[in-house]
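A.B. asks: Attaching a single structure in structure tokens format; questions to follow.
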Amino acid sequence: MLPEAQLAATVVVCEDDAPTLDLLCDHLEADRFRALPAPSASDALRLCHYKQPDLLLLDLRLPDASGLDVLREIRASEGATGRYDPALPVIVLSGRGTQTDRVRGFTEGADDYVVKPFHYEEVAARIRSVLRRRDPRRDGPRRVGEIFIDPSRRQVRVGGRPIPLANKEFSLLRALAADPTRVFTKEELLRDVWGFRSMGRTRTLDSHASRLRRKLDPDSGRFVINVWGVGYRLIDG
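Here the numbering used here is used: the first residue of the sequence shown is 155, the next is one more, and so on.
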């Protein structure tokens, strides 16, 4: 069983062989990961942009591009103008297992390299190991669509535009950005952001969420979505 901190880890599985893709996704889901299938390079990049996964499993032989091209594009993304998290952990899956192939994969920025054919148990162990090593990235810069969050500098940008936030507004945004399409209950947010032990009749969360929504997108309010009777999520999935 996974440690509690990894129960919600999201893994994009980029693999063009349908039986292998299904096997990996089924086993990952059984191990309580959230598995997002990506049968092509374009699918993988789209999911990495919109879903903000915790890890990418990347096959090198894909129908529309090389897996190394995907890896390079992710690693080249930077700052508020990038489309992807450049620190995203990536484990390469490849039928090529020579020393030259492995060195090339690591040189391009892979965190680990698994040679096919593989046993699922080894892949799962390597995923857990990489997530443990790279867990500090959760406190590093993070991108959710057009929103860029830099916790160390307490900076937020939307489409390159700086957004000044009050302390609790910033904390609320970070909490929602941890899993952007998930609906966080009001009880969770009041507990984790404000330290409340019970909801009571407070409107603190609703007022902060409303102000945060207006600041992030004053025109359409497409962020910080109120799911009536439940809570909030940052973006639509």
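Where a beta carbon is used, it is the ideal one built from N, C-alpha and C, also for glycine.
Quick one: give me the first and last residue of the beta strand (DSSP E) that D266 is part of.
C.D. replies: Here the beta strand (DSSP E) through D266 covers D266 to V269.
A.B. asks: With distances taken Cα to Cα, identify the nearest neighbour of L212 among A264, R345 and H181.
C.D. replies: L212 has its Cα closest to that of A264, out of A264, R345 and H181.
A.B. asks: Please report how far the alpha carbon of L326 lies from the alpha carbon of Y204, in whole angstroms.
C.D. replies: Each residue's Cα considered, the two are about 20 Å apart.
A.B. asks: With respect to the beta strand (DSSP E) encompassing F302, which residues constitute its N-terminal and C-terminal limits?
C.D. replies: Taken as a continuous stretch (DSSP letters only), the beta strand (DSSP E) holding F302 covers I301 to D304.
A.B. asks: Do D208 and V165 have their beta-carbon atoms positioned less than 8 Å apart in this structure?
C.D. replies: Yes, they are a contact pair.
A.B. asks: In three-state terms, what does DSSP make of I317?
C.D. replies: Residue state, collapsed to three classes: coil.
A.B. asks: Could you check which residue in D176, L216 and P334 has the C-alpha nearest to that of L388?
C.D. replies: Measuring from the Cα of L388, the nearest candidate turns out to be P334.
A.B. asks: Among L359, I245 and G249, which has the Cα closest to the Cα of T261?
C.D. replies: The shortest C-alpha separation from T261 is found at I245.
A.B. asks: Could you name the residues that DSSP lists as bridge partners for L247?
C.D. replies: In DSSP, L247 forms a bridge with D213 and V268.
A.B. asks: Within the continuous alpha helix (DSSP H) that includes R368, where are the two ends?
C.D. replies: T358 to L370 is the extent of the alpha helix (DSSP H) around R368.
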